[in-house]
Ligand code: BG6
């Protein structure tokens, strides 16, 4: 298959998905593979093999995928020609991760027509990762080129993450382990690298003399959906901050890498993780806020509270929102707080990074101007992806000099026509190509857990309980107070930008 700029060459592959009948596979993995097929990036003999406990025939599995694609292709067309082709790629093997049952069937299917690239995608609970890796080896399913993808969360804390990494590491060498964080596959997140390192404009300003603080918000309006049991064991700190928010922070704070080589990028990210100031019991009360949503309304529709959700115990203390004031202790960022905020059942789904610049040293214009609203760079990760820079301008008109904050706005939809691929599309194909730049190395995951474990420990030591907030709001008042104590405010689009 000819390669082009948008579709780099891909060798034929076998993608074996463990947990392939689960939520992630239905919502994300299969639609992503389907779209890559529709765009002509999947070479003909490639196969997608689902390994799961359910007893399905191949035919039943194909129908199951068809139904889930109809549901999760977001109104896109399940076009007949691609579906006919895609359907033929789908295989199903009934298998038990914990015993020998079914493994010989998988091996004989794989050996049937061996592909050069064999990917094992573990979309299961993390406590199965080690066992599945071991079975892959014992059963003879391992091939020299085989690679494994580990879905987050990798463990529950540092100790369990280390155990999983050790177990998987017994079977797969580190360069063959792809730890996925789908935020790194998002277009705007990759764009952070381009914005910072392809434009001479920002880098000289990207430091504590010019930047006052950084805000990273990942707000969701959805609740925990049908994931009560998982979520209640996990909470927002482990579910979102340990991975997605910390990765965003790393990309904002890291030094320019020498190249885009996977080790070069990951070496710079790990330095940021090592520079994160620990949050101890002494400062957890003023540097963090936990929240738990109560019944409320999202865009006018009533929703129930967290404690009423299926699978959640009525006495749960799990946080559905967390706000953290983080510090990166190094030369570039000394004294620049990074305010992190994420939560479920907030008023809308929005992920964005706000770089708040300092005011000019001396304001010569009438009025308070830059002292109250200095320049700001907003990187909107989703939805309505854009990059926006607020600048002071003279309001047109005679008589006097009236200033107004106005925005230079680069909307991705307007500037770049066409479809924005889902993060998984990019990442799933990166695995086949062996490109691990956008995946996490073992030491990154463990360093992130080290920081998170300190916060968890501090909450436990101080008996911190989540504060209630009404669904459909920006969290408990403490979430606002945390930043306002520093004489700063959360960025609010409607109020803050012309
Ligand atoms: C997942 C979390 O990793 O990310 C979910 O487990 C969360 O709880 C999801 O809803 C958010 O991803 P996105 O791409 O919708 O922002």
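Numbering (my numbering), first residue to last: 86 to 583. A virtual CB, placed ideally from N, CA and C, is assigned to each residue, including glycine.
- Around residue 366, the same chain offers 543, 546 and 547 as residues with beta carbons nearer than 7 Å, after the five sequence neighbours per side are excluded.
- Closest in alpha carbon position to residue 380, among 109, 178 and 560, is 560.
- For residue 478, the enclosing beta strand (DSSP E) stretches over residues 471 to 479.
- Within the stretch 141 to 179, the complete alpha helix (DSSP H) runs of at least 4 residues fall at 143 to 157 and 165 to 174.
- Inter-residue distance for residue 114 and residue 521 is about 18 Å (C-alpha atoms, whole angstroms).
- Burial state of residue 125 is exposed, judged by a 10 Å Cβ sphere holding fewer than 16 other Cβ atoms.
- Residue pairing of residue 490 in beta bridges, as defined by DSSP: 477.
- Residue environment: residue 429 is assigned as buried (16 or more neighbouring CB atoms within 10 Å of its CB, all protein chains considered).
- Judged by DSSP secondary structure, residue 358 falls within the alpha helix (DSSP H) whose first and last residues are 347 to 360.
- In the structure shown, residue 294 adopts coil according to DSSP, grouped into three states.
- The straight-line gap separating the alpha-carbon atoms of residue 295 and residue 446 is approximately 10 Å.
- Using a 10 angstroms sphere on the CB of residue 279, the tally of other CB atoms stays under 16, which defines it as exposed.
- Each residue's CA atom was taken as its position, placing residue 307 and residue 297 some 32 Å apart.
- For residue 570, the CB contacts under 8 Å within the same chain, skipping 5 residues up- and downstream, are 371 in chain order.
- Listed in chain order, the non-local C-beta contacts of residue 190 below 8 Å within the same chain comprise 178, 179 and 180, local neighbours out to five positions each way being set aside.
- Remark: the C-beta of residue 324 is in contact range of the ligand BG6, defined as less than 6 Å to any heavy atom.
- Between the stretch 93 to 109 and the stretch 202 to 217 there are three or more C-beta pairs closer than 8 Å, enough to call the two in contact.
- Ranked by how close their Cα comes to the Cα of residue 118, the residues 512, 554 and 532 have 512 in first place.
- Between residue 427 and residue 556, the beta carbon gap of about 15 Å keeps them out of contact (Cβ cut-off 8 Å).
- Residue burial is scored here from C-beta neighbours: residue 185 has fewer than 16 other C-beta atoms within 10 angstroms and is therefore classed as exposed.
- In the DSSP annotation of this structure, the continuous segment of the beta strand (DSSP E) that includes residue 437 starts and ends at 435 to 442.
- DSSP places residue 211 in the helix class (H, G or I) of the three-state scheme.
- Judged by DSSP secondary structure, residue 116 falls within the alpha helix (DSSP H) whose first and last residues are 115 to 123.
- When rounded, the separation of the alpha-carbon atoms in residue 508 and residue 223 is 33 Å.
- For residue 331, the enclosing alpha helix (DSSP H) stretches over residues 331 to 338.
- Ranked by Cα distance from residue 322, the first of 492, 425 and 464 is 425.
- Our two residues, residue 553 and residue 398, have alpha carbons roughly 16 Å apart in a direct line.
- Contact annotation: the stretch 428 to 444 touches the stretch 466 to 482, with at least three C-beta pairs closer than 8 Å.
- Checking the DSSP bridge columns, you'll see residue 239 has no partner listed.
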